[in-house]
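Asks: Residue numbers (the numbering used here), protein chains in the order written: chain R, 1 to 258; chain S, 1001 to 1258.
Each residue gets a CB set at the ideal place from its N, CA and C atoms; glycine is no exception.
All values derive from a computational prediction rather than experimental measurement.
2 protein chains.
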Amino acid sequence: METTNELQDFIINGYKHYIPHISIDAAIFGYHDHQLKILLSGFKSLGGYCLPGGYIKRTETLDEAANRIVAERTSLTDLYLQQYKTFGDPDRIKWNELDFEKFSEKLGIPYFKDSWLIDQTISVGYYALTDFSLVTPKAGLMSDSCDWFNIDEIPPLLYDHDQMVKDALHTLRVQLYYYPIAEKLLPAKFTLTEIHAVYETLLGKKLDIRNFPKKLVFLGLIKKLNEKRNIGPHRAPFLYKFDLKKYTKALETGTTLT
Amino acid sequence: METTNELQDFIINGYKHYIPHISIDAAIFGYHDHQLKILLSGFKSLGGYCLPGGYIKRTETLDEAANRIVAERTSLTDLYLQQYKTFGDPDRIKWNELDFEKFSEKLGIPYFKDSWLIDQTISVGYYALTDFSLVTPKAGLMSDSCDWFNIDEIPPLLYDHDQMVKDALHTLRVQLYYYPIAEKLLPAKFTLTEIHAVYETLLGKKLDIRNFPKKLVFLGLIKKLNEKRNIGPHRAPFLYKFDLKKYTKALETGTTLT
DNA sequence: TTCTATTTGGTAAATTTTACACAATAAAGT
DNA sequence: ACTTTATTGTGTAAAATTTACCAAATAGAA
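Here it is in structure tokens:
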């Protein structure tokens, strides 16, 4: 929080560059070792975690804003981003539970509670998918930390962000059946067992280890490479990669996956 | 437009009760005689049509606001309503093409262009389904007319509403495959041929006249009644109705329909 | 009674999904 | 060099679902 000046300026003058009353919150998902992960921002002053979020510049489209907000936490641009729902319950933020005096003092700003930030805000929910291993989470201007959490080990979140995660996850799961977006969660080369595990974890159900990869190959979505992975004292599995052409088409058209 | 006072008050003081910078626009669909219809608001001053829309009261949830806005045009509440996408391109409204002088004069308000309404606005898109025959379209506070249009005969719309219709229709079609929402477009009692026609028009593709209804019956979604409809010089078809229990469950769970 | 247009029961063929047996193989231990 | 262990991956048969379409039923008009 060394850039206090920048923060003060955002709180006092932000409304000139950002649209008030609207924010974006992003559920950024990653996958590692049979676990679905999500990126959460920690706020010491609020004593809790919430989804990474931000405001929309007056010059940006929603997608551009979401991209920027996601990039601020992951340092990666052009992640797979999907707008899934907009949240606008008038009581989604419990203003009376926030200690404005404390904030004013901490931020060095006289009347924080009168700022443009402190008013009813509707939030556009996006979810993003990324290869877990490529991300080094970064805390932002307001937040104190940013870290990966296993999806079934996240603490109760601030505001209505528990509901946001639930809805994002639901959309992700539905879309996973029709769009081969597992590609976004895997490295460029992977084994059949690995992609099988991604689908089992994300969908939360068993898929036949032989039939499932067979279908992916049959649809032409993935192609066998002439390389194997060494996995110790077992038969070395072949590596596969997504077929870009078929994959791109399936992303647009949709294909039923089991 | 006899309630000029009400309108003036909305333009001048509306921001006290409504959230600025955010609106809701609704694509209200109906079906009649092999045609999908959509409700459009006409604006003489703008010389064009757009989707019925409105602002969100500070006490309302988004769904409540959408319900109110839809009810203002249809006089019907509790229609099937789905939020499908939020639109926020900075240039979705071409401000420079609007003649504020003319508006000010017409509305009897000195500086219309300085009102809270004239600023970047993000719009939450909803689509609604309703039995065409139950609706008597009503013009609203700002609009001059409100009428049904065949979906393939709508004029170019104002703002980004062409894109909104396109996206709403896409969502409707996708959802029609998994949720038996044709129920919302049909009267309580209908023949197999009628429900078959609804699906063919909405999906824009041929469905086998025998297999399709057979599947609906097999899934238990619709049930045969002990009544027939007189259709002139042909064999009288049986009437069917949706099975409320199976139908409600399918709305939540989803079922694949061909 | 016959004709026309439409509804509907039934059934066979084609396709897709599901289940599962077993052969292949990599490396470590004996 | 052979055995053991754990995992990969080919093949195939059974089950279920989807698709195609024949032919009978039927209502009113000619």
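1. Using CA coordinates, which residue listed in R:38, R:245, R:183 is at the minimum distance from residue 135 (chain R)?
2. Counting only Cβ pairs nearer than 7 angstroms, list the residues of chain R close to residue 1022 (chain S).
3. Work out the CA separation of residue 56 (chain R) and residue 2 (chain R) for me, nearest whole Å.
4. Counting Cβ pairs closer than 8 angstroms, one from the segment 1081–1096 of chain S and one from the segment 1133–1147 of chain S, do we hit at least three?
5. Once you ignore the five residues that flank residue 186 (chain R) on each side, which residues in its own chain have a CB closer than 8 angstroms to its CB?
6. Looking only at its own chain, which residues have a Cβ that is under 6 angstroms from the Cβ of residue 145 (chain R), when we skip the five neighbours before and after it?
7. Pull up the CB-CB distance for residue 1126 (chain S) and residue 1026 (chain S), whole angstroms please, since I reckon it's below 8 angstroms.
8. Use the C-beta contact count for residue 165 (chain R): other C-beta atoms within 10 angstroms, 16 or more gives buried, fewer gives exposed.
9. Rounded to whole angstroms, what is the Cα-Cα separation between residue 1245 (chain S) and residue 258 (chain R)?
10. Would you verify that the beta carbon of residue 1173 (chain S) is, or is not, closer than 8 angstroms to some beta carbon of chain R?
11. Can you tell me the Cα-Cα spacing of residue 1167 (chain S) and residue 1085 (chain S), whole angstroms?
12. Indicate whether residue 81 (chain R) and residue 63 (chain R) have their beta-carbon atoms separated by less than 8 angstroms.
13. Leaving out five residues before and five after residue 217 (chain R) in sequence, what residues of the same chain have Cβ atoms less than 7 angstroms from its Cβ?
14. Kindly list, in the order they appear in chain S, the residues whose Cβ is closer than 8 angstroms to that of residue 62 (chain R).
15. Determine, using beta carbons only, whether residue 1028 (chain S) and residue 1074 (chain S) come nearer to each other than 8 angstroms.
16. Using a cut-off of 9 angstroms between C-beta atoms, extract the partners of residue 83 (chain R) located in chain S.
17. Using beta carbons (cut-off 8 angstroms, strictly below), is residue 1077 (chain S) in contact with chain R?
18. Using a beta-carbon distance below 8 angstroms, is residue 1253 (chain S) in contact with chain R?
19. Please list the partners that residue 56 (chain R) has in chain S, where partner means a Cβ-to-Cβ separation under 7 angstroms.
20. I need the boundaries of the alpha helix (DSSP H) containing residue 245 (chain R), first residue and last residue.
21. Span of the beta strand (DSSP E) holding residue 1039 (chain S)?
22. Looking at the C-beta of residue 265 (chain R), does it have a partner C-beta in chain S at a distance below 8 angstroms?
23. What distance in whole Å lies between the Cβ atoms of residue 1007 (chain S) and residue 1107 (chain S), which are believed to be in contact at a cut-off of 8 angstroms?
Replies: The structure says:
1. R:38
2. 21, 22, 122
3. The predicted model places residue 2 (chain R) with a pLDDT of 48, which falls under 50 and marks its position as unreliable; any figure quoted below should be read in that light. Their backbone Cα atoms lie some 24 angstroms apart in a straight line.
4. no
5. The answer, listed in chain order, is 31, 131, 194, 195, 198.
6. Cβ within range, chain order: 42, 139.
7. 5 angstroms
8. Buried is the call here.
9. A straight line joining the alpha-carbon of residue 1245 (chain S) with that of residue 258 (chain R) spans about 27 angstroms.
10. no
11. Taking the straight line joining both Cα atoms gives about 8 angstroms.
12. Contact: yes.
13. none
14. 1086, 1087, 1088, 1089, 1122
15. yes
16. Contact of residue 83 (chain R) with chain S by beta-carbon distance below 9 angstroms involves 1085, 1086.
17. Answer no: the Cβ-Cβ gap between residue 1077 (chain S) and chain R never drops below 8 angstroms.
18. no
19. In chain order: 1088.
20. For residue 245 (chain R), the uninterrupted alpha helix (DSSP H) segment begins and ends at 244–253.
21. 1035–1043
22. Any property of residue 265 (chain R) remains undetermined from this structure, which presents chain R solely from 1 to 258.
23. Yes, they are in contact, since the Cβ atoms of residue 1107 (chain S) and residue 1007 (chain S) sit about 7 angstroms apart, within 8 angstroms.
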